[in-house]
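Inspection log for the structure reproduced underneath, given as structure tokens.
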DNA sequence: AATATTACTTACTAGTTAGTAAGTTGTCAA
DNA sequence: TTGACAACTTACTAACTAGTAAGTAATATT
């Protein structure tokens, strides 16, 4: 029955990559089909609409983040190491052909996004913020991080700056991205 | 000869608004023509290609920023007031139907942008960064701002976070944007 | 009054978009 | 070995995309 059982996963991989590369309005079923060596309609067979495909990409991304943060490899890290791990996600995203944060990419086009994709974007952002807030609080309580104000506000600032820095790096080069990460460490650890 | 002499300016206004609302790939000549009450080809008469229109929008934005920052109203402000003025640009952008920073919007789609639009985006970002860096340096020398590391790095962090915060606010509401501004003041003035 | 120019409209093209309906083929279970 | 089903292909549609060529009408210049 299956000519290649992993077609569905490959479509999700390609869609995720294209989303981070060109944005939601910048990729098409034709792109995915061509790169997969398959016809347009085959993609529609696995994901009937672009809305369903977009939502599935974000859902998988959310599941992955949940899995990682609940795994002992991350859970048992110190606050500093946890933050370094979080930064490394963005560093790797940047290194991977100058890609951009999935949440940031979707938020830029938020006003032309279908409903379920909007809701998935909102949920993903909320989960990233919640984890960052917890880590920041834990680190300050442990005396590792130093900052004024609410952990929730600092979490918003850090996430927003990482999203923005990935985008800025496209126009200005990788140095600008690393500058932001460096500056955050200066601010938090001093 | 002119049925309405300000058509060109109105096109630029609409294009700028649509860019900040839907992104470069999210707006079309048809959108602009319809909202202007004019035909498709009339827009092409004023701006032969989408590339030319996009570049013209950014060029005007750059000219405006240069004019503002060179004007005594901004130039003679204290560093704290200058930063507040800069923040207010983004606050107003956010308040204006949840729009997004022009530079951030373009950077997200950078990989599918025509050459001259890319170059304009790079130039705009460089000018914003340069002004922020100068203001930060001036403020630290005057004892008004407190931060570790290089002013250039802190400028990158602040600009990236403002771009990101405008995007985040779309999915999460205005509060998240104000949280970022509040946190920056906490960080710089403490 | 004749001519040129500006600011358009009409009418089109070639390419791309998401999406669909109907047919085909390989594999597996009964 | 028949039939069901999964995973496609072929062939299409309606809507939209940027862009163009030719014509028109009002105004400005000579």
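Protein chains in written order, with our numbering: chain A, 84 to 273; chain B, 84 to 273.
Cβ atoms here follow ideal geometry from the backbone N, Cα and C, with glycine treated the same way.
Inter-residue Cα distance where the pair is residue 114/B and residue 105/B = C-alpha of residue 114/B to C-alpha of residue 105/B: approximately 11 Å in a straight line.
request  = Would you verify that the beta carbon of residue 263/A is, or is not, closer than 8 Å to some beta carbon of chain B?
outcome  = So, interface residue.
task = Kindly indicate if chain B contains any beta-carbon less than 8 Å away from that of residue 100/A.
result = The beta carbon of residue 100/A does not come within 8 Å of any beta carbon belonging to chain B, so the residue lies off that interface.
ask   = Along chain B, which residues have their Cβ under 7 Å away from the Cβ of residue 109/A?
value = Residues of chain B with a Cβ closer than 7 Å to the Cβ of residue 109/A are, in chain order, 108, 192 and 195.
request  = With DSSP collapsed to three states, give me the class of residue 227/B.
outcome  = Coil.
query = residue 132/B: buried (16+ other C-beta within 10 angstroms of its C-beta) or exposed?
reply = Label assigned to residue 132/B: exposed.
task = Would you mind reading off the limits of the alpha helix (DSSP H) that contains residue 134/A?
result = Unbroken alpha helix (DSSP H) run through residue 134/A: 133 to 153.
ask   = Taking DSSP as the reference, what is the three-state secondary structure of residue 256/B?
value = The answer is coil: DSSP assigns residue 256/B none of H, G, I, E or B.
message = Checking 8 Å against the spacing of the C-beta atoms, do residue 187/B and residue 142/B come in under that value?
response = No.
query = residue 177/B touches chain A at which residues, Cβ-Cβ below 7 Å?
reply = Neighbours of residue 177/B on chain A: none; closest Cβ ~12 Å, over 7 Å.
query = Given that residue 273/B touches chain A, what residues does it touch there, using C-beta distances under 8 Å?
reply = Residues of chain A passing the Cβ test: 231.
request  = Could you tell me which of 146/A, 138/A, 168/A and 206/A sits nearest to residue 78/A, measuring between CA atoms?
outcome  = Since the first residue of chain A shown is 84 and the last is 273, residue 78/A is not available in this structure.
inquiry  = To be precise: take each residue of the region 246 to 270 of chain B, compare its Cβ to all Cβ atoms of chain A, and keep it if any distance is under 8 Å. Which residues remain?
reply    = Those would be 246, 247, 248, 250, 251, 253, 254, 255, 259, 262, 263, 265, 266, 267, 269 and 270, in chain order.
Check whether residue 204/B and residue 193/B have beta carbons under 8 Å apart = Yes. Within cutoff.
message = Please list, in chain order, the chain A residues whose beta carbon lies closer than 8 Å to that of residue 237/B.
response = Contact annotation for residue 237/B against chain A: 266 [CB-CB distance below 8 Å, chain order].
ask   = Listing by chain order, which chain A residues have their CB less than 7 Å from the CB of residue 188/B?
value = By Cβ distance, chain A contributes 191.
request  = Name, please, each residue of chain B whose Cβ falls closer than 8 Å to the Cβ of residue 242/A.
outcome  = Simply 247 and 251.
Backbone CA spacing between residue 111/A and residue 236/A [nearest angstrom] = Residue 111/A and residue 236/A have their C-alpha atoms roughly 37 Å apart.
query = Is it a yes or a no for the region 238 to 252 of chain A touching the region 239 to 254 of chain B, going by three-plus beta-carbon pairs under 8 Å?
reply = Short answer: they touch.
request  = List the endpoints of the continuous alpha helix (DSSP H) containing residue 108/B.
outcome  = Bounds of any alpha helix (DSSP H) do not take in residue 108/B, whose DSSP letter is neither H nor E.
message = Less than 8 Å between CB atoms is the rule here; does residue 97/A satisfy it with respect to chain B?
response = At a cut-off of 8 Å between beta carbons, residue 97/A makes no contact with chain B.
ask   = What does residue 121/A reach in chain B if we use C-beta pairs closer than 9 Å?
value = Contact annotation for residue 121/A against chain B: no contact, minimum CB-CB distance about 23 Å [criterion: below 9 Å].
key: Any 3 or more C-beta pairs closer than 8 Å across the region 218 to 232 of chain A and the region 151 to 164 of chain A   = Yes, since at least three Cβ pairs between the region 218 to 232 of chain A and the region 151 to 164 of chain A fall closer than 8 Å, the two stretches touch.
ask   = The alpha helix (DSSP H) with residue 165/B in it runs from where to where?
value = For residue 165/B, the uninterrupted alpha helix (DSSP H) segment begins and ends at 162 to 178.
request  = With DSSP collapsed to three states, give me the class of residue 194/A.
outcome  = If DSSP states are grouped into helix, strand and coil, residue 194/A belongs with the helices.
ask   = From 101/A, 260/A, 190/A and 254/A, pick the residue whose C-alpha is nearest to that of residue 175/A; which is it?
value = The shortest Cα separation from residue 175/A among 101/A, 260/A, 190/A and 254/A belongs to 260/A.
task = Please classify residue 159/A: does DSSP put it in a helix, a strand, or coil?
result = Looking at residue 159/A - three-state DSSP - the assignment turns out to be coil, as it is neither helix nor strand.
inquiry  = Give me the chain A residues within the contact set of residue 204/B, using Cβ-Cβ distance strictly less than 7 Å, ordered along the chain.
reply    = Chain A residues near residue 204/B: 254.
Candidates 210/A, 190/A, 94/A and 179/A: closest to residue 124/A by CA position = Checked all of 210/A, 190/A, 94/A and 179/A; the closest Cα to residue 124/A is 94/A.
query = Closest by CA to residue 213/B, which one among 135/A, 147/A, 255/A and 270/A?
reply = Among 135/A, 147/A, 255/A and 270/A, the Cα nearest to that of residue 213/B is on 255/A.
key: Proximity below 8 Å, CB of residue 266/A to CB of residue 183/A   = No, the Cβ-Cβ distance between residue 266/A and residue 183/A is not below 8 Å.
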